[in-house]
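There are 2 protein chains.
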Amino acid sequence: MNVIDFIEDHQSAYLEELKDFLRIPSVSTKDEHKSDIARAASWLAERLRSAGIKNVEIVPTPNHPVVYGESVRLANRPTILLYGHYDVQPAEPLDLWTSPPFDPTVRDGNLYARGSADDKGQLHLHLKALEALYETEGELPINVKVVIEGEEEIGSKNLWAFVAENRHKLIADALVLSDTSMLAPGVPSITYGLRGLNYYQVEVTGPAQDLHSGVFGGAVPNPITILSRAIARLHDQNFRVTVPHFYDDVTKLSRSERKAIASLPWKEGAFRKIVGSRDLCGEKGFSVLERIWCRPTLELNGIWGGYTGKGEKTVIPSKAYAKISTRLVPHQDPKKIARLVEGHMRRLLPKSVMCKFDVLSAGKPWLADYRDEIFRMAITSLETGFGKKAVFIREGGSIPFVAQMHSLLKIPCVLLGFGLPDENAHAPNEHLSVENYFGGLRSVALFYKELGQNGARL
Amino acid sequence: MNVIDFIEDHQSAYLEELKDFLRIPSVSTKDEHKSDIARAASWLAERLRSAGIKNVEIVPTPNHPVVYGESVRLANRPTILLYGHYDVQPAEPLDLWTSPPFDPTVRDGNLYARGSADDKGQLHLHLKALEALYETEGELPINVKVVIEGEEEIGSKNLWAFVAENRHKLIADALVLSDTSMLAPGVPSITYGLRGLNYYQVEVTGPAQDLHSGVFGGAVPNPITILSRAIARLHDQNFRVTVPHFYDDVTKLSRSERKAIASLPWKEGAFRKIVGSRDLCGEKGFSVLERIWCRPTLELNGIWGGYTGKGEKTVIPSKAYAKISTRLVPHQDPKKIARLVEGHMRRLLPKSVMCKFDVLSAGKPWLADYRDEIFRMAITSLETGFGKKAVFIREGGSIPFVAQMHSLLKIPCVLLGFGLPDENAHAPNEHLSVENYFGGLRSVALFYKELGQNGARL
């Protein structure tokens with residue numbers, strides 16, 4: 148039986164199985180989900196075996212385990228390293244979800260659940276593509292190694308030790324993954340660039356304890372005011388980051404790339420509609436796509452301090468906090484940028500307060516040469532799988548593993564994205580288009596088949 | 148028996164009774180404490196009756212009840228209106244309390260509990276002073292009217308309707324209350340000035356929903372950054388409030404008052420020790436006491452937005468919030484100031500965001516002429532009760548009822564404060580000096596006795 152027909156026959160079974168996966172609240176940032184994380188890892192190990200990947204290990208780490216699998220090696224076939232992550236973002240604020248985040252529900256052609264787009268749904272379709280090939284052909288057309296981590300949403304800290312220890316085991320001809328988005332509905336896309344991510348937490352202490360704002364107000368350093376003043380000075384009026392030397396190593400955009408980006412079938416109106424703010428804003432001199440794909444940024448991800456409940460509390464708090472991240476582009480160095488941001492933040496604060504600055508994670512940007520042969524195979528498979536023209540794009544998000552593996556193994560990385568920009572990854576009501584799930588599944592099956600037939604020369 | 152000896156004999160009974168009062172978690176800002184509020188009101192009604200105030204009513208309001216009491220009127224004696232509040236601030240953060248906030252504990256001569264200083268302890272000593280006089284003399288030396296509210300910590304909203312409806316009933320020769328502090332340990336104090344308080348909440352909306360900071364970062368209005376920018380511009384480099392016309396109606400400090408303030412037995416070192424910050428800061432050109440007593444301020448009381456949990460969440464939030472208060476001095480008008488602050492805040496925000504601005508409460512400042520005869524009686528009673536020299540001071544906090552009653556009834560207001568500035572009113576580990584509780588109790592008994600003997604001419 149043709150693999151495409153086989154997939155067609157198994158659509159409802161695949162979707163039901165994905166729902167099982169999504170029901171596991173594998174939130175990596177919260178300790179109370181430790182057992183859910185373990186459950187998700189075991190669940191995946193079973194699915195790998197059904198897909199013909201017979202050597203499976205759940206590798207413990209100091210935090211969440213890595214699920215590793217390897218198919219039995221066949222000669223004269225290329226080896227791909229498939230990557231994904233089974234952890235998800237926290238679901239809060241819960242009251243903004245139309246259906247509960249861990250009770251997967253299909254509405255209007257979309258599957259709603261935390262992790263549906265990022266990344267369980269996209270990971271799952273690879274497993275089903277492999278399984279369909281295994282079932283229809285009796286063996287896998289390619290050699291497969293699989294690394295699925297449980298810490299992508301919290302900086303992939305323990306993945307690096309796993310990779311370092313298993314460096315030789317992980318050697319492959321290409322890295323393949325799906326954890327990105329399509330440019331727009333009906334436009335299958337291959338991502339050739341990702342931004343790096345540094346994440347910081349700042350704690351500013353004014354008074355040694357909370358004080359009465361009447362008795363002390365007007366004479367003591369208010370950490371909220373002082374932190375706000377520092378935040379206000381992190382960008383200039385043109386929305387450029389003011390951290391000295393922040394842009395020093397940024398690669399200038401070529402005229403040809405700017406032209407290619409400008410000609411993509413992307414509409415600012417659709418982007419504005421997703422964002423829903425009264426107006427957009429960003430670094431002067433760059434288009435919206437350039438701002439989110441090709442330019443480094445500094446964003447506030449959280450702020451808190453003092454009384455945040457209902458009503459009034461006349462307090463001057465002892466402490467105020469902020470979570471800040473920078474997105475990095477080639478060739479910014481995450482460690483250097485972390486030092487620059489910390490130094491700048493400390494200089495912006497007056498001596499009346501104390502500052503604790505933590506770098507929670509640091510990850511490199513990545514940029515590929517999409518003229519490689521494997522990208523041609525991938526784009527053809529996408530166009531057949533979806534029946535639409537496919538494009539090359541960059542993305543503003545970060546997948547630390549890609550940059551890391553690229554510099555370690557020097558192999559091409561093929562990022563096939565089946566999410567959409569308005570699917571609320573990281574926000575309430577995350578969802579994945581069911582049509583794109585199956586378009587992706589077909590494309591990936593065709594890509595693996597093509598690799599098996601013509602990929603030996605890679 | 149002499150009232151002072153009687154008080155001496157009943158010290159431990161009074162302290163135990165106060166602990167009972169402090170065990171009731173009458174937090175006015177939280178709906179879940181409604182029944183505790185009711186319990187505190189009933190408890191007080193009983194204590195009023197024991198103090199010889201036989202006509203007691205628990206007057207319902209749309210939120211928390213007012214406890215009102217009146218003694219049987221005796222001719223040729225002055226009438227005082229005693230005010231207090233039985234509600235308390237929230238106790239959070241609970242983990243910073245050494246002993247639980249609603250389990251009163253004496254350590255090193257201090258009684259620790261939420262409300263011990265603000266205001267249950269200070270209110271309770273008045274009831275015990277009246278009871279001691281009633282027990283020793285068989286009747287009260289003065290006519291007493293008592294108003295005890297349950298909404299002082301949330302803006303006294305329903306007290307005004309009560310006062311308006313009972314305006315004639317409340318007529319008295321003087322208002323007496325204890326809800327302020329002594330200047331320093333061993334310095335009994337009468338407060339002749341209070342700042343007014345306006346409290347605001349600001350909500351800034353950027354994107355219509357939370358967004359992924361990788362996919363959207365760099366191109367959309369981040370409400371945390373934008374709110375911080377506005378907050379940063381609420382003060383200038385000299386810590387003056389930048390709201391246009393904010394200082395227009397502020398009464399200039401006289402040279403004689405500045406001199407009197409400068410000569411008080413007050414040490415900046417002790418103040419710095421309480422605050423515990425690396426340095427102080429405040430409006431240029433004014434001393435610390437002038438800044439907290441005589442100058443208007445704008446303080447941030449809370450801020451929140453985005454992810455505030457452990458670890459990372461790469462989100463650009465839809466909304467960010469701040470709680471802001473202004474302390475006002477004569478002759479600033481709270482309603483006018485609220486309009487000015489709102490207008491300024493809206494002007495500071497760019498058109499890319501939406502702003503919701505709520506005035507949660509607005510209260511007038513108050514300033515008395517302490518050359519009135521009743522203040523001489525009060526200061527003498529304090530000096531006898533404590534055996535120490537007493538002083539006149541101002542205070543930076545706000546008691547809306549004082550300003551309101553002063554302008555309504557045109558009577559002197561006598562503020563006898565028995566708290567201390569480092570007793571953590573509104574913060575964890577709130578406490579009251581047991582020595583000051585009894586010093587206050589004796590002083591108040593002597594003051595009421597003196598008023599009964601010589602106050603008819605007031």
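Going down the list, the sequences are from chains A and B.
Following our numbering, the numbering of the first sequence begins with 148 at its first residue and continues without gaps.
Following our numbering, the numbering of the second sequence begins with 148 at its first residue and continues without gaps.
Heads up, the beta-carbon is just placed ideally off N, CA and C, and yes, glycines get one too.
Margin query: Using a 10 Å radius around the Cβ and a threshold of 16 neighbouring Cβ atoms, would you call aspartate 234 of chain A buried or exposed?
Written below: Residue 234 of chain A sits at position 87 when you count from the first residue of the first sequence. With 16 or more other Cβ atoms within 10 Å, it is buried.
Margin query: With distance defined between alpha-carbon atoms, name the residue in B:Glu597, B:Tyr468, B:Arg474 and B:Val462 nearest to asparagine 345 of chain B.
Written below: Working through the second sequence from its first residue, we reach residue 345 of chain B at position 198. Selected option, being the one with the closest Cα: B:Arg474.
Notebook entry, point to check: So valine 367 of chain B packs on leucine 427 of chain A, CB below 8 Å; how close in whole Å?
Noted result: To locate residue 367 of chain B, count along the second sequence from 1; it is residue 220. To locate residue 427 of chain A, count along the first sequence from 1; it is residue 280. That belief holds up - the Cβ atoms of valine 367 of chain B and leucine 427 of chain A are roughly 6 Å apart, short of 8 Å.
Check: Which residue or residues does DSSP assign as beta-bridge partners of leucine 274 of chain A?
Finding: Against the first sequence, residue 274 of chain A aligns to sequence position 127. None, per the DSSP bridge assignment.
Note to self: Can you pull the chain D neighbours of lysine 498 of chain B, defined as C-beta to C-beta under 8 Å?
What the structure shows: Absent here is chain D; the protein component of the structure consists of chains A and B.
Notebook entry, point to check: If you draw a straight line from the alpha carbon of arginine 376 of chain A to that of threonine 461 of chain A, how long is it in whole angstroms?
Noted result: Counting from 1 along the first sequence, the entry for residue 376 of chain A is found at position 229. Counting from 1 along the first sequence, the entry for residue 461 of chain A is found at position 314. Their Cα atoms are separated by approximately 21 Å.
Next item on the list: In angstroms with no decimal places, state the Cα-to-Cα distance between lysine 535 of chain A and glycine 333 of chain A.
Entry: Stepping through the first sequence from its first residue, residue 535 of chain A is reached at position 388. Stepping through the first sequence from its first residue, residue 333 of chain A is reached at position 186. Near 7 Å, if we compare the C-alpha coordinates of glycine 333 of chain A and lysine 535 of chain A.
Check: How is the beta strand (DSSP E) around glycine 564 of chain B delimited, first residue to last?
Finding: Position 417 of the second sequence holds residue 564 of chain B. Per DSSP, glycine 564 of chain B belongs to the beta strand (DSSP E) from 560 to 564.
Item checked: Cβ-based neighbour list, isoleucine 184 of chain A, same chain, cut-off 6 Å, excluding 5 preceding and 5 following -> Against the first sequence, residue 184 of chain A aligns to sequence position 37. Taken in chain order, the residues that qualify are Ser173, His211 and Gly297.
Notebook entry, point to check: methionine 492 of chain A touches chain B at which residues, Cβ-Cβ below 8 Å?
Noted result: Your numbering for residue 492 of chain A matches position 345 in the first sequence. The premise fails here: methionine 492 of chain A is roughly 13 Å from chain B at the closest Cβ pair, so nothing lies under 8 Å.
Next item on the list: Could you confirm whether any beta carbon from chain A is found closer than 7 Å to the beta carbon of asparagine 448 of chain B?
Entry: Residue 448 of chain B sits at position 301 when you count from the first residue of the second sequence. Judged by the 7 Å Cβ criterion, asparagine 448 of chain B is in contact with chain A.
Check: Are the C-beta of tryptophan 451 of chain B and some C-beta of chain A separated by less than 7 Å?
Finding: Start at 1 with the first residue of the second sequence, and residue 451 of chain B comes out as number 304. So, interface residue.
Margin query: If you reduce the DSSP assignment to three classes, tell me which class phenylalanine 614 of chain A lands in.
Written below: The first residue shown for chain A is 148 and the last is 605, placing residue 614 of chain A beyond what the model contains.
Item checked: CB contact flag (valine 291 of chain A, isoleucine 200 of chain A, <7 Å) -> By one-based count along the first sequence, residue 291 of chain A stands at place 144. By one-based count along the first sequence, residue 200 of chain A stands at place 53. Yes; because the gap between Cβ atoms is below 7 Å, this pair is in contact.
Check: How should arginine 220 of chain B be labelled, buried or exposed, when 16 other C-beta atoms within 10 angstroms of its C-beta is the threshold for buried?
Finding: Sequence index remark: in the second sequence, residue 220 of chain B carries index 73 (1-based). Exposed, because fewer than 16 other Cβ atoms sit within 10 Å of the Cβ of arginine 220 of chain B.
Margin query: Please classify glycine 456 of chain B as buried or exposed, where buried requires at least 16 neighbouring CB atoms within 10 angstroms.
Written below: Position 309 of the second sequence, counted from the first residue, corresponds to residue 456 of chain B. The residue in question, glycine 456 of chain B, is exposed, as its Cβ has fewer than 16 Cβ neighbours within 10 Å.
Item checked: Same chain, Cβ closer than 6 Å to serine 445 of chain B, five either side skipped, listed in chain order -> On the second sequence, residue 445 of chain B is found 298 positions in, with the first residue counted as 1. Looking at the sequence itself, residue 445 of chain B is leucine, so the reference to serine does not match. Counting only Cβ-Cβ distances below 6 Å, and skipping sequence neighbours, we find Leu381, Val388 and Thr473.
Next item on the list: Under 7 Å between beta-carbons, which chain B residues line up against proline 568 of chain A? List them in chain order, please.
Entry: Position 421 of the first sequence, counting from 1, holds the residue named residue 568 of chain A. By Cβ distance, chain B contributes Val362.
Next item on the list: Measure from the alpha carbon of proline 477 of chain B to the alpha carbon of each residue in B:Arg442, B:Gln236 and B:Lys166, then state which is nearest.
Entry: Here residue 477 of chain B is taken as the residue at index 330 of the second sequence, counted from 1. Ranking the options by Cα distance to proline 477 of chain B, first place goes to B:Arg442.
Next item on the list: Please look up how many angstroms separate the CB atoms of alanine 469 of chain A and leucine 495 of chain A, rounded, as I've assumed it's under 8 Å.
Entry: Residue numbering aside, residue 469 of chain A sits at position 322 when the first sequence is read from its first letter. Residue numbering aside, residue 495 of chain A sits at position 348 when the first sequence is read from its first letter. The pair is not a contact, with the Cβ atoms about 12 Å apart (cut-off 8 Å).
Next item on the list: Return yes when the Cβ of leucine 588 of chain A is within less than 7 Å of the Cβ of alanine 192 of chain A, no when it is not.
Entry: Here residue 192 of chain A is taken as the residue at index 45 of the first sequence, counted from 1. Here residue 588 of chain A is taken as the residue at index 441 of the first sequence, counted from 1. Contact: no.
Checklist line | Spatial neighbours of phenylalanine 153 of chain A in its chain, beta-carbon cut-off 8 Å, leaving aside the 5 residues before and after | finding: Taking the first residue of the first sequence as position 1, residue 153 of chain A is located at position 6. Closer than 8 Å at the Cβ level, and outside the excluded window around phenylalanine 153 of chain A, lie Ala279, Glu282 and Thr283.
Item checked: Among A:Ser175, A:Ile151, A:Trp190 and A:Lys181, the one whose alpha carbon lies nearest that of leucine 165 of chain A -> If you number the first sequence from 1, residue 165 of chain A lands on position 18. When each option's Cα is compared against that of leucine 165 of chain A, the closest is A:Trp190.
Notebook entry, point to check: Just to confirm, are alanine 637 of chain A and isoleucine 526 of chain A a CB contact at a threshold of 7 Å?
Noted result: Because chain A spans 148 through 605 in this model, residue 637 of chain A falls outside it and cannot be assessed.
Check: Ordered along the chain, which non-local residues of its own chain (more than five positions away) have a Cβ less than 6 Å from that of glutamate 300 of chain A?
Finding: Translated into positions along the first sequence, residue 300 of chain A becomes position 153. Ser175, Asp234 and Gln236.
Margin query: Suppose the cutoff is 6 Å on Cβ atoms and the five residues either side in sequence are ignored; what does the same chain contact list for glutamine 551 of chain B look like?
Written below: For the purposes of this step, residue 551 of chain B is taken as residue 404 along the second sequence, with counting starting at 1. Excluding positions up to five away in sequence, the list is empty.
Note to self: Here's the rule I'm using: 16 or more other beta-carbon atoms within 10 Å means buried, otherwise exposed. How should alanine 222 of chain A be labelled?
What the structure shows: Your numbering for residue 222 of chain A matches position 75 in the first sequence. Counting Cβ neighbours within 10 Å, alanine 222 of chain A comes out exposed, since fewer than 16 surround it.
Checklist line | Element boundaries [alpha helix (DSSP H), containing alanine 160 of chain A] | finding: What you label residue 160 of chain A is simply residue 13 of the first sequence in a count that begins at 1. Element bounds for alanine 160 of chain A: 158 to 169.
Item checked: Inter-residue CB distance, glycine 566 of chain B and phenylalanine 533 of chain B (contact presumed, cutoff 8 Å) -> Walking along the second sequence from the start, residue 566 of chain B turns up at place 419. Walking along the second sequence from the start, residue 533 of chain B turns up at place 386. Not quite, the Cβ-Cβ distance comes to about 14 Å (not below 8 Å), so this is no contact.
Checklist line | Own chain partners of isoleucine 421 of chain A with C-beta closer than 7 Å, once the 5 adjacent residues on each side are dropped | finding: Here residue 421 of chain A refers to the residue found at position 274 when the first sequence is read from its first residue. Cβ within range, chain order: Pro568 and Asp569.
Next item on the list: Counting only the same chain and skipping the five closest in sequence on each side, list residues whose C-beta sits under 7 Å from that of serine 580 of chain B.
Entry: Indexing the second sequence from 1 puts residue 580 of chain B at position 433. Excluding positions up to five away in sequence, the list reads Gly256, Asn257 and Leu567.
Check: Taking all protein chains shown into account, do 16 or more other C-beta atoms lie within 10 angstroms of the C-beta of methionine 492 of chain B, making it buried, or fewer, making it exposed?
Finding: Locating residue 492 of chain B in the second sequence gives position 345, counting from the first residue. That one is buried.
Notebook entry, point to check: Mind listing which residues of the stretch 520 to 549 of chain A have their C-beta closer than 8 Å to chain B's C-betas, in chain order?
Noted result: Glu542, Gly543, Gly544 and Ser545
Notebook entry, point to check: Is alanine 574 of chain B helix, strand or coil when you go by DSSP?
Noted result: Counting from one through the second sequence, the residue named residue 574 of chain B turns up at place 427. Coil, per DSSP.
Notebook entry, point to check: When burial is assigned at 16 or more other CB atoms within 10 Å of the CB, is histidine 359 of chain B buried or exposed?
Noted result: On the second sequence, position 212 is the one that residue 359 of chain B refers to. Buried: at least 16 other Cβ atoms inside 10 Å.
Check: Looking at C-alpha atoms only, which residue of B:Ile408, B:Ile318, B:Gly262 and B:Glu430 is the closest neighbour of tyrosine 339 of chain B?
Finding: As a first step, residue 339 of chain B is located in the second sequence; it is residue number 192 there, counting from the start. Closest by alpha carbon: B:Ile408.
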